[in-house]
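Take a look at the structure set out below.
Protein chains: 2
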Amino acid sequence: MKFNKVLENVTTYEAGKPIELVVREYGIDPKDIIKLASNENPYGTSPKVAQKIQELSKNMFIYPDDSMFELKESLASKFDVNESNVIIGSGSDQILEFCVHAKCNENSKMLMSKTTFAMYEIYGKQTGCQILKTQDDEHNLEQFSAMYKEHGADIIFLCLPNNPLGECLDKEDVYKFLETVDENTLVVVDGAYQEYASFKDENKKIDAKDLISKFPNAIYLGTFSKAYALGGMRVGYGVANEEIIKTLYKLRAPFNITTLSLAAAIEALKDEEFVQSCIALNFEEMKRYEDYAKQKGFDYIDSYTNFITLKFGDMYSSKEIATQLLKRGVIVRDLTGYGVNAIRITIGSQSQNTKVFSILDEVLEENK
Amino acid sequence: MKFNKVLENVTTYEAGKPIELVVREYGIDPKDIIKLASNENPYGTSPKVAQKIQELSKNMFIYPDDSMFELKESLASKFDVNESNVIIGSGSDQILEFCVHAKCNENSKMLMSKTTFAMYEIYGKQTGCQILKTQDDEHNLEQFSAMYKEHGADIIFLCLPNNPLGECLDKEDVYKFLETVDENTLVVVDGAYQEYASFKDENKKIDAKDLISKFPNAIYLGTFSKAYALGGMRVGYGVANEEIIKTLYKLRAPFNITTLSLAAAIEALKDEEFVQSCIALNFEEMKRYEDYAKQKGFDYIDSYTNFITLKFGDMYSSKEIATQLLKRGVIVRDLTGYGVNAIRITIGSQSQNTKVFSILDEVLEENK
Numbered sequence: 001m002k003f004n005k006v007l008e009n010v011t012t013y014e015a016g017k018p019i020e021l022v023v024r025e026y027g028i029d030p031k032d033i034i035k036l037a038s039n040e041n042p043y044g045t046s047p048k049v050a051q052k053i054q055e056l057s058k059n060m061f062i063y064p065d066d067s068m069f070e071l072k073e074s075l076a077s078k079f080d081v082n083e084s085n086v087i088i089g090s091g092s093d094q095i096l097e098f099c100v101h102a103k104c105n106e107n108s109k110m111l112m113s114k115t116t117f118a119m120y121e122i123y124g125k126q127t128g129c130q131i132l133k134t135q136d137d138e139h140n141l142e143q144f145s146a147m148y149k150e151h152g153a154d155i156i157f158l159c160l161p162n163n164p165l166g167e168c169l170d171k172e173d174v175y176k177f178l179e180t181v182d183e184n185t186l187v188v189v190d191g192a193y194q195e196y197a198s199f200k201d202e203n204k205k206i207d208a209k210d211l212i213s214k215f216p217n218a219i220y221l222g223t224f225s226k227a228y229a230l231g232g233m234r235v236g237y238g239v240a241n242e243e244i245i246k247t248l249y250k251l252r253a254p255f256n257i258t259t260l261s262l263a264a265a266i267e268a269l270k271d272e273e274f275v276q277s278c279i280a281l282n283f284e285e286m287k288r289y290e291d292y293a294k295q296k297g298f299d300y301i302d303s304y305t306n307f308i309t310l311k312f313g314d315m316y317s318s319k320e321i322a323t324q325l326l327k328r329g330v331i332v333r334d335l336t337g338y339g340v341n342a343i344r345i346t347i348g349s350q351s352q353n354t355k356v357f358s359i360l361d362e363v364l365e366e367n368k
Numbered sequence: 001m002k003f004n005k006v007l008e009n010v011t012t013y014e015a016g017k018p019i020e021l022v023v024r025e026y027g028i029d030p031k032d033i034i035k036l037a038s039n040e041n042p043y044g045t046s047p048k049v050a051q052k053i054q055e056l057s058k059n060m061f062i063y064p065d066d067s068m069f070e071l072k073e074s075l076a077s078k079f080d081v082n083e084s085n086v087i088i089g090s091g092s093d094q095i096l097e098f099c100v101h102a103k104c105n106e107n108s109k110m111l112m113s114k115t116t117f118a119m120y121e122i123y124g125k126q127t128g129c130q131i132l133k134t135q136d137d138e139h140n141l142e143q144f145s146a147m148y149k150e151h152g153a154d155i156i157f158l159c160l161p162n163n164p165l166g167e168c169l170d171k172e173d174v175y176k177f178l179e180t181v182d183e184n185t186l187v188v189v190d191g192a193y194q195e196y197a198s199f200k201d202e203n204k205k206i207d208a209k210d211l212i213s214k215f216p217n218a219i220y221l222g223t224f225s226k227a228y229a230l231g232g233m234r235v236g237y238g239v240a241n242e243e244i245i246k247t248l249y250k251l252r253a254p255f256n257i258t259t260l261s262l263a264a265a266i267e268a269l270k271d272e273e274f275v276q277s278c279i280a281l282n283f284e285e286m287k288r289y290e291d292y293a294k295q296k297g298f299d300y301i302d303s304y305t306n307f308i309t310l311k312f313g314d315m316y317s318s319k320e321i322a323t324q325l326l327k328r329g330v331i332v333r334d335l336t337g338y339g340v341n342a343i344r345i346t347i348g349s350q351s352q353n354t355k356v357f358s359i360l361d362e363v364l365e366e367n368k
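If you read the protein sequences in the order shown, they are chains A and B.
Residue 311 in UniProt numbering sits at position 311 of the first sequence, and the numbers go up by one each step.
Residue 327 in UniProt numbering sits at position 327 of the second sequence, and the numbers go up by one each step.
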């Protein structure tokens with residue numbers, strides 16, 4: 001059967017291996033698996049969220065409230081914007097999808113950093129648009145500027161901080177760049193890990209309201225999957241000017257969020273204390289990874305997220321290390337596919353990290 | 001900001017009013033609201049499903065198993081096909097979306113019945129394709145054949161049974177039509193209400209495996225939102241030949257189903273007894289609506305679903321009746337927007353229906 005030609009070039013996203021798969025493939029007891037591959041919050045579900053889910057568990061036969069009134073109100077209040085500035089997606093992934101499909105077609109151009117979130121490119125390919133990437137692995141605004149000047153772009157992605165590397169541009173530099181961008185270019189500021197970045201360094205903080213007031217062509221994306229510890233619930237959002245939100249809504253199918261996901265997100269927003277404590281612990285534990293890398297003599301990227309990227313240079317093969325960790329039940333993300341000889345490890349809980357260091361000791365020793 | 005031109009013609013789907021909205025708009029106590037507008041299963045969540053959700057409520061910080069191994073295995077077993085013949089969507093809506101975006105663009109044609117599920121057309125408009133509709137409100141295969149012969153089509157939708165009218169074509173007639181359809185035309189058999197149709201009349205039953213074996217260009221869609229009582233969880237699926245499934249997968253974003261939705265669907269499939277008892281009750285209660293319509297002297301469409309369409313002819317205005325029911329806390333679906341002077345009422349539980357008849361008595365009396 002013939003399908004749309006553009007689909008021939010589309011590859012599918014390879015998600016971090018779920019625990020279930022490792023159990024099946026290697027016969028390891030689920031209890032012994034440490035999954036640090038998907039940047040989940042290792043401190044578990046907020047008890048208030050779990051409680052809410054239990055309360056609603058008998059209400060599954062009713063469709064969700066498709067107006068999403070309450071969650072939109074909560075987010076509008078959090079960001080001090082109107083509800084008409086907010087759209088909710090099945091993860092911020094889905095808002096990315098709406099943005100790309102609203103702006104791009106076979107005649108469009110998309111600009112992004114070389115090593116960044118893989119879905120930008122996958123969504124781009126679905127539309128057949130031309131994909132432009134800057135040269136450095138990490139975000140480099142001079143390169144963004146030069147490429148934008150030379151080629152233009154219908155949509156630009158800035159991942160702040162950047163997944164899968166962890167670096168983060170300063171707000172001031174981002175704003176200077178945005179001043180040079182045409183009002184017809186949609187700028188997507190992907191803030192999936194912003195809660196971590198702004199905790200660590202105020203200069204990295206992007207305020208959604210300030211951003212969209214100063215740059216009406218920008219959209220800020222956030223997620224409940226990371227700091228808010230709801231990866232399993234698939235809730236993200238976009239904050240932008242009304243004209244953009246209205247257009248994205250045309251691409252949203254009804255009931256794109258489940259009843260329990262809506263309720264969980266509303267509840268998670270009420271438990272800011274839990275979120276802040278998780279972030280504080282994250283950076284305490286990250287220090288241990290930095291020390292570990294220094295001690296072992298390999299490089300890492302200074303991270304503004306809940307993961308750290310360990311660069312093995314010519315010391316080890318990241319693919320080999322990741323495979324051997326996997327066989328021992330530690331799931332991390334090998335970045336070979338991104339063209340980088342590095343592994344990305346989510347910062348786990350204290351006990352998880354202690355175990356990781358011990359297993360990593362073994363693996364590194366064997367690969368000397 | 002300029003967006004893709006095709007979006008100018010896209011309208012958004014108007015979902016059945018959620019209880020929350022009626023509470024806000026009319027100040028009615030949620031307990032007193034009877035929502036019969038979205039064809040939900042009125043017999044509640046299967047206790048086994050609710051139990052499972054409670055068990056998993058603390059596991060929300062982990063991403064879902066994106067391989068969906070277990071649910072795909074359960075569905076493959078239910079339909080006696082391979083897992084490679086199955087794709088899971090956020091409701092069968094999402095599989096519809098994949099089908100349309102895989103086949104259609106500005107040069108394509110889509111063929112459907114005049115009064116059928118609204119999302120076919122909305123997804124079609126997102127691609128800018130030409131939308132062809134047969135003349136009668138209900139599915140008429142002679143008209144399908146004539147239009148297909150005259151115009152051709154890249155994608156054809158058959159809603160079996162049809163939402164929002166309730167009628168259902170015989171399998172034998174559908175197969176005869178499919179024999180005349182080119183192998184390059186994707187035929188979508190939307191079986192959202194098939195469990196009801198095949199319970200009522202064996203001649204309406206479409207067997208997914210038989211369908212896709214005989215017609216490799218067909219895809220069968222099913223949902224957990226209706227008979228399986230999981231409207232709030234957003235899970236649907238497509239069953240088709242591997243080539244089609246592989247292509248649709250290119251349009252699927254990772255983690256399109258939440259952890260709890262996956263678990264709920266797996267559990268719901270184990271509780272077939274609950275589903276069958278709900279369907280049996282549905283048709284017992286539907287008989288009361290048929291008798292009510294006869295008694296009041298208006299027409300209805302013989303329904304193979306969990307709703308009934310009451311046609312008011314020149315006796316009443318469906319818009320007026322629906323509005324007055326709403327003010328009294330009964331949410332039904334007015335079909336004026338579909339060009340039909342009728343209301344669609346989901347068959348509720350016994351006590352809900354008794355209350356509906358009594359309120360409807362009042363409303364009809366006032367509109368005489």
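We put the CB at the ideal spot given by N, CA and C, even for glycine.
None of the values given here were measured: they were computed from a predicted structure.
With a threshold of 8 Å between beta-carbons, can residue i be considered close to chain B, or not?
i        : result
A/LYS250 : yes
A/PHE215 : no
A/ILE95  : no
A/PHE117 : no
A/LYS355 : no
A/VAL10  : yes
A/LEU169 : no
A/VAL188 : no
Report the neighbours of residue i on chain A: residues whose CB is nearer than 9 Å to its CB, in chain order.
i        : result
B/PHE157 : Within chain A, no residue comes near B/PHE157; the closest Cβ sits about 16 Å away, beyond 9 Å.
In angstroms with no decimal places, state the Cα-to-Cα distance between residue i and residue j.
i                      : j        : result
B/ILE301               : B/LYS311 : 8 Å
A/MET60                : B/GLY44  : 7 Å
A/ILE266               : B/GLN352 : 30 Å
B/PHE144               : B/TYR304 : 21 Å
A/ILE53                : A/VAL275 : 18 Å
B/ILE212               : B/ARG252 : 21 Å
B/ASP190               : A/GLN94  : 24 Å
A/TYR249               : B/HIS101 : 17 Å
residue 369 of chain B : A/ASP314 : This structure does not reach residue 369 of chain B, given that chain B is present from 1 up to 368, and the question cannot be answered.
A/PHE298               : A/ASN306 : 20 Å
A/ILE122               : B/GLU138 : 40 Å
B/VAL23                : A/PRO254 : 20 Å
Who are the neighbours of residue i on chain A, taking C-beta pairs under 7 Å?
i        : result
B/GLN54  : GLN54, SER57
B/ILE245 : Chain A residues near B/ILE245: none, gap ~12 Å exceeds 7 Å.
If we define contact as Cβ-Cβ less than 8 Å, is residue i a contact residue for chain A?
i                      : result
B/ASN90                : Before going on, a small fix: residue 90 of chain B reads as Ser here, not Asn. By this cut-off, B/SER90 is an interface position.
B/TYR63                : yes
B/ILE33                : no
B/GLN130               : no
B/MET1                 : yes
B/ASP361               : no
B/PHE69                : yes
residue 406 of chain B : The shown model of chain B, from 1 to 368, leaves out residue 406 of chain B, and the question about it has no answer.
B/GLN126               : yes
B/LYS270               : no
B/GLU183               : yes
B/ASP201               : no
I want to verify the contact list: residues of chain B whose CB lies under 8 Å from the CB of residue i, in sequence order.
i        : result
A/ARG344 : What A/ARG344 touches in chain B: nothing, since even the nearest Cβ is about 15 Å away.
A/MET233 : MET60, THR258, THR259, LEU260
A/TYR13  : ALA253, PRO254
A/ASN4   : HIS101, ALA102, LYS103, CYS104, ASN105
So residue i and residue j are supposed to be a Cβ contact under 8 Å. How far apart are they, rounded?
i        : j        : result
B/LEU56  : B/ALA263 : 6 Å
A/ASN4   : B/LYS103 : 7 Å
A/ILE155 : A/THR185 : 7 Å
Anything in chain B within Cβ reach of residue i, meaning under 9 Å, just list it in chain order.
i       : result
A/VAL23 : Per Cβ cutoff of 9 Å: no residues; A/VAL23 is ~10 Å from chain B at best.
Could you tell me which uninterrupted alpha helix (DSSP H) segments, each at least 4 residues in length, are contained entirely in the stretch 88-154 of chain B, listed from first to last along the chain?
-> Contiguous alpha helix (DSSP H) elements confined to the stretch 88-154 of chain B occur at 92-103, 118-127, 141-151, taking only those with 4 or more residues.
Starting from the N-terminal side, write out each stretch of the beta strand (DSSP E) that is 3 residues or longer and does not extend beyond the stretch 30-66 of chain B.
-> When DSSP assignments are scanned along the stretch 30-66 of chain B, no uninterrupted stretch of beta strand (DSSP E) that is 3 or more residues long falls wholly within it.
Within the stretch 169-232 of chain B, note down every full alpha helix (DSSP H) run reaching 4 residues or more, in order along the chain.
-> 171-178, 194-200, 208-214, all fully within the stretch 169-232 of chain B.
Entirely enclosed beta strand (DSSP E) segments - the stretch 282-316 of chain B, minimum 3 residues | List check, beta strand (DSSP E) in window: 307-311.
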